[in-house]
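For the sequence shown, the numbering used here gives the first residue as 3, with consecutive numbering after it.
Ideal placement from N, C-alpha and C gives every residue a C-beta, glycine not left out.
This structure is a prediction, so every number in the text was calculated from the model and none was measured.
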Amino acid sequence: FHKLVQVLKRLDGVLLESLEHLVIIMDQLQQLGKVLGEILAQILGSKSGSNTSTLLKEAEESLSTNFQIDFVQIIELNKEDLKTHLEKIKFPTAHYEKLGTIAQEMGLIKRRTDEDLAKKYLATAINLYDLEDEQSQTVSFTRMNQKTKLQQLIHSEG
3 FHKLVQVLKR
13 LDGVLLESLE
23 HLVIIMDQLQ
33 QLGKVLGEIL
43 AQILGSKSGS
53 NTSTLLKEAE
63 ESLSTNFQID
73 FVQIIELNKE
83 DLKTHLEKIK
93 FPTAHYEKLG
103 TIAQEMGLIK
113 RRTDEDLAKK
123 YLATAINLYD
133 LEDEQSQTVS
143 FTRMNQKTKL
153 QQLIHSEG
């Protein structure tokens, strides 16, 4: 009986430590989500302004600094290579959709000045939405509609 009590006490300590680690990880995920949200807000705010190139550059620098996301690099990747890259840099799968929205908005802004580059951003957004569908194993009609709209923009002229 005494050994059983000792085992249960050790197990209790391990569970408590695991729970503490889980709380820390959840806090970190929440912080990452906030930073991504701030970057997205910055991009959305830039859509109406005149100095969009500076704001986009700042957003890209923030993504690079905070997440090691280099859009110049990732817009050249196909979906599988993008997934591999995001896994390599340990980008949380919980934020694929938000990163996709950022890529989408950047692509929509870039359509004003560089249609070919904009299409790469929009294709990357689609890939990120696809990765979100795969990892969440859920069907999102909102994402489906977004992907359809983006496909239409990619295949439209100007």
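query                                                                                                       : result
Spatial distance of THR86 from VAL7 (CA atoms)                                                              : 46 angstroms
SER64 vs ILE41 beta-carbon contact at 8 angstroms                                                           : yes
Where ILE77 sits in the DSSP three-state scheme                                                             : coil
Neighbourhood of VAL37 by C-beta, 6 angstroms cutoff - its chain only, sequence neighbours within 5 removed : ASN68
Nearest to ALA61 (by Cα), restricted to the options ILE104, GLU117, LEU17 and ASP118                        : ILE104
Alpha carbon of ASP83 to alpha carbon of SER138, nearest angstrom                                           : 19 angstroms
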